[in-house]
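> According to the UniProt record's numbering, the sequence shown is numbered sequentially starting from 1.
For each residue, glycine too, the CB sits at the ideal point set by N, CA and C.
Before I ask anything, let me first share the structure, which is written out below as structure tokens.
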Amino acid sequence: LAKFFDEVGITQQFSAARTPQQNGVIERRNRTLVEAARTMLTFANLPSFLWAEAIATTCFTQNRSIIHKRFDKTPYELINKRKPNIKFFRVFGCRCYFLNDYEDVGKLKAMRDIRVFVGYSKESVAFRIYNKRTRKIHESVNVNFDEISEMASKQFSLEPGYLI
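Shown next, in the form of structure tokens:
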């Protein structure tokens, strides 16, 4: 590993065990990810066992949207040498419907399962969809999102005096 670091130009520094104070930047980054994931799960009213999906989605979106002051670029731009495409970003926890659900292909049948958007695929350009009935996560590109009604219901369900 040391040979690889020398070839690439990475300086390796060790810290004492169980001293997070020495890893300040990383600790702040992890805290930011966890706080954002907790907020997303709470707002979407999703179970806590989806925390890994929420953290992965948070990391995915932050790497493509937060600009570093030092470089005036996103982390994605620094690594890939091109601007990220953020047109496909969706609201975490919004309801969604498969366009081609091969389990039930009938056009006029009611959609039985409530499905929720929980992230982006790592292997392809697909969305990760959580099925509340089966408690399984599926990946698909053919998805319709219902972001507006979910956000509107949150807006109108707040008590008077609270602002978003």
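1. If contacts are defined as beta-carbon pairs under 8 Å, then Thr-11 and Met-40 qualify, I think. What distance do you get, rounded to the angstrom?
2. Since I believe Arg-64 is in contact with Pro-84 (beta carbons under 8 Å), could you give me their beta-carbon distance rounded to a whole number of angstroms?
3. Considering only their Cβ atoms, is the gap separating Glu-147 from Arg-90 smaller than 8 Å?
4. Is Gly-24 buried or exposed, if buried means 16 or more other CB atoms sit within 10 Å of its CB?
5. For chain B, check one thing: does any of its Cβ atoms lie closer than 8 Å to the Cβ of Tyr-120?
6. To the nearest angstrom, how far is the alpha carbon of Ile-114 from that of Gln-13?
7. The beta strand (DSSP E) spanning Cys-96 covers which residue range?
8. According to DSSP, simplified to helix, strand and coil, what is Ile-66?
9. Please classify Thr-42 as buried or exposed, where buried requires at least 16 other C-beta atoms within 10 Å of its C-beta.
10. Would you mind stating whether Gly-34 and Cys-96 have Cβ atoms separated by less than 8 Å?
11. Can you check which of these residues, Arg-18, Thr-134, Asn-45, Ile-55, is closest to Arg-31 by C-alpha distance?
12. Bridge partners of Lys-136, per DSSP?
13. Less than 6 Å between C-beta atoms, sequence neighbours within five positions excluded: which residues of the same chain meet that for Leu-1?
The relevant details are as follows:
1. Their Cβ separation, rounded to whole angstroms, is 35 Å, which puts Thr-11 and Met-40 out of contact at 8 Å.
2. 4 Å
3. yes
4. exposed
5. Going by chain labels, chain B is absent from the structure shown, which holds only one protein chain.
6. 48 Å
7. 95-98
8. coil
9. exposed
10. The sequence shown places Val at residue 34, rather than the Gly named in the question. No.
11. Ile-55
12. Asn-131
13. none
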